[in-house]
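Chains as they are written, first to last, in the numbering used here: chain D, 46 to 376; chain W, 46 to 376. Where a beta carbon is used, it is the ideal one built from N, C-alpha and C, also for glycine.
See below:
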């Protein structure tokens, strides 16, 4: 679907990824972007205000669980991004609301797309659909969901994202709705929040360093993560809307393993601090997302199908996050 | 948890598995069994009437989506069986209701168990949590969920059952609720319904034979399934309630691969008919549950942890199903 002169709606539009996607859509020539958001997670800030000032962005305050409101908001929309969702920790704390939003919320968006003849849906899925624990190496889109011996919250999150993808698949079969599912790895960048358990390795690490404390690592720090910068994710969202890839699920990730020790040391170095990471046995409360071996999400399919690969190196992304955190400007 | 002199509630209690489990609980000395069912799938029949006549079984007509009614029904109950649920085909047709029942319905049962201090929950999970497609060999409880290239309905079903298990895991962590998840393979037996896509290889085959038609097979008939007789499942339900196995997920299956050709030929032979299976390329409508290689669900854990293994051979089970279908008696 072309972006130019088209109108798009983003559920969870006021979020880290939502605002950045709106910017990218405007830059690509979109006529209008509707940010559909209940503002329960993201308070209005300078970045949102700057978007609204363009005159091409509208904020519709609404909940994805309000099926009628979602449908009304989709009137005249050409393409929808379904970004609204709970992450692992939130589902652990509010399982009913979290699963309603992640599953029934997507169902409401799908019904609205069918009812209002929206041309295409981009679903925000997650690399959590591969689970954790016994994963390692290059993880392609054909990998199964591993939740054996995984704490309930990330397993519930991964299963809820898999359900959302399969609902899209069902609606493509039953109603001919065009969609593509993007499986983001851990997204980080300016406007970083505390809801992503894995992104804490950056934002919590930096905030501790800024307070003169040490970043906290569990285990020996050799465990790895796969991070992707929010600006790269926004670009993937635009490319996925443009591309003809109906029904595909595509990894959007950094594509390389980063040890949590390296992340902590990079945060310390870029912050100009003189502390060392602190190693602990296990978190005092909550759960840990653990994996057994170095891994990364294979991003070959993204390059082949939508012409995307990440452009912002982790050091650059962390530097931008720190600059944003320090001066508090929209970006 | 002991069975003797205790009271049990079964959601979806009027079902194939529910009634048989109630019988087994009574035989094991249960004081009372409450069948909680909205009767949307299973109409009252002779088997239900026979149970009610014992005076130790009560039918409570209610919906698992009515949280208050579930909680009220759990008053004074020692152990709950969460059997109510939609299967693959039903979810494909009614995804919203199906997922609400399979996920939020279980959440309502969990909340009721916590609120009414129910001692233990046995969750009816499914071997669908391993998915389909690229499975083969002996499938243990550590296997992941494979839904790549699987039709949406069975993938949604499998993911919904995995979510239900993980909700139980969350409630065990957060509220200390004792539970065990039994992953049934395809259950068949007297009072067989048409909602189980895989069980159609028996009930649809027999009904066709009874009409003088041929059972229908897709492909060359070499594809395999793993069936377990409903009486064996009911016995597993009783053993799982008795055993001290908190938080475990356990396969309850026949434990051996049966080709669909063998199933059709067995139905024909036991029905005394003189037809041959008819081979077709693909179903005219709906979806197929396909697997790539012969497989069976490993039942070693069930024997080790709850002392269960199947006792009724497939020929005996099919003979009982045919006898029930022919004379229409409760069993």
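Euclidean distance between Cα positions of residue i and residue j
| i | j | result |
| --- | --- | --- |
| residue 134 of chain W | residue 191 of chain W | 18 Å |
| residue 175 of chain D | residue 188 of chain D | 6 Å |
| residue 94 of chain W | residue 155 of chain W | 29 Å |
| residue 367 of chain D | residue 301 of chain D | 22 Å |
| residue 72 of chain D | residue 56 of chain D | 19 Å |
| residue 67 of chain D | residue 162 of chain D | 21 Å |
| residue 211 of chain W | residue 118 of chain D | 34 Å |
| residue 88 of chain D | residue 217 of chain W | 34 Å |
| residue 91 of chain D | residue 246 of chain D | 25 Å |
| residue 104 of chain D | residue 219 of chain W | 37 Å |
| residue 275 of chain W | residue 365 of chain W | 11 Å |
| residue 330 of chain D | residue 181 of chain D | 26 Å |
| residue 85 of chain D | residue 139 of chain D | 13 Å |
| residue 234 of chain D | residue 358 of chain W | 60 Å |
| residue 344 of chain W | residue 126 of chain D | 44 Å |
| residue 252 of chain D | residue 147 of chain D | 29 Å |
| residue 120 of chain D | residue 209 of chain W | 35 Å |
| residue 232 of chain W | residue 184 of chain D | 34 Å |
Assigned exposure category for residue i - 16 Cβ within 10 Å defines buried
| i | result |
| --- | --- |
| residue 361 of chain W | exposed |
| residue 177 of chain D | buried |
| residue 238 of chain W | exposed |
| residue 327 of chain W | exposed |
| residue 65 of chain D | buried |
| residue 337 of chain D | exposed |
| residue 98 of chain D | exposed |
| residue 77 of chain D | buried |
| residue 372 of chain D | exposed |
| residue 291 of chain W | exposed |
| residue 256 of chain W | exposed |
| residue 265 of chain D | exposed |
| residue 50 of chain D | exposed |
| residue 348 of chain W | exposed |
| residue 113 of chain D | exposed |
| residue 214 of chain W | buried |
| residue 306 of chain W | buried |
| residue 226 of chain D | buried |
Chain W contact residues for residue i, given Cβ-Cβ distances below 9 Å
| i | result |
| --- | --- |
| residue 335 of chain D | Going along chain W, no residue has its Cβ under 9 Å from residue 335 of chain D, so there is no contact; the nearest lies around 15 Å. |
| residue 189 of chain D | 175, 176, 179, 188, 189, 190, 191, 192 and 193 |
Residue i, enclosing beta strand (DSSP E) - first and last residue
| i | result |
| --- | --- |
| residue 82 of chain W | 77-82 |
| residue 261 of chain W | 261-263 |
| residue 323 of chain W | 323-325 |
| residue 127 of chain D | 124-127 |
| residue 171 of chain D | 165-171 |
| residue 184 of chain W | 182-184 |
| residue 223 of chain W | 223-229 |
| residue 274 of chain D | 272-274 |
| residue 174 of chain W | Element bounds for residue 174 of chain W: n/a, residue is neither H nor E. |
| residue 56 of chain D | 52-56 |
| residue 104 of chain W | 102-106 |
| residue 340 of chain D | 340-342 |
Limits of the alpha helix (DSSP H) - the one that residue i falls within
| i | result |
| --- | --- |
| residue 205 of chain D | 197-220 |
| residue 311 of chain W | 305-315 |
| residue 98 of chain W | 91-98 |
| residue 294 of chain D | Where residue 294 of chain D is concerned, there is no enclosing alpha helix (DSSP H), although the beta strand (DSSP E) it sits in stretches over 293-297. |
| residue 251 of chain W | 245-255 |
| residue 236 of chain W | No alpha helix (DSSP H) contains residue 236 of chain W, which DSSP labels as neither H nor E. |
| residue 64 of chain W | 61-72 |
| residue 372 of chain D | 359-372 |
| residue 153 of chain D | 150-160 |
| residue 140 of chain D | 140-144 |
| residue 347 of chain W | 345-351 |
| residue 116 of chain W | 112-118 |
Contacts of residue i in chain D (Cβ-Cβ under 7 Å)
| i | result |
| --- | --- |
| residue 204 of chain W | 204, 207, 208 and 211 |
| residue 148 of chain W | 144 and 148 |
8 Å Cβ cut-off: residues of chain W touching residue i
| i | result |
| --- | --- |
| residue 201 of chain D | 208, 211, 212 and 215 |
| residue 197 of chain D | 211, 212, 214, 215 and 218 |
Within chain D, partners of residue i - CB distance below 8 Å
| i | result |
| --- | --- |
| residue 152 of chain W | 140, 141 and 144 |
Listed by chain order, chain W residues near residue i by CB distance under 7 Å
| i | result |
| --- | --- |
| residue 137 of chain D | 215 |
I'd like to know if the region 142-162 of chain D and the region 111-130 of chain D are in contact, where contact means that at least 3 CB-CB pairs between them fall below 8 Å.
Touching, per the Cβ criterion.
When the Cβ atoms of the region 190-209 of chain D are set against those of the region 266-273 of chain D, are three or more pairs found closer than 8 Å?
Short answer: they don't touch.
How do the region 274-282 of chain D and the region 307-325 of chain D stand: do at least 3 beta-carbon pairs fall below 8 Å, yes or no?
The region 274-282 of chain D vs the region 307-325 of chain D: no contact.
Should the region 164-174 of chain W be regarded as contacting the region 302-316 of chain W, the criterion being three or more beta carbon pairs within less than 8 Å?
Result no; under three Cβ-Cβ pairs closer than 8 Å.
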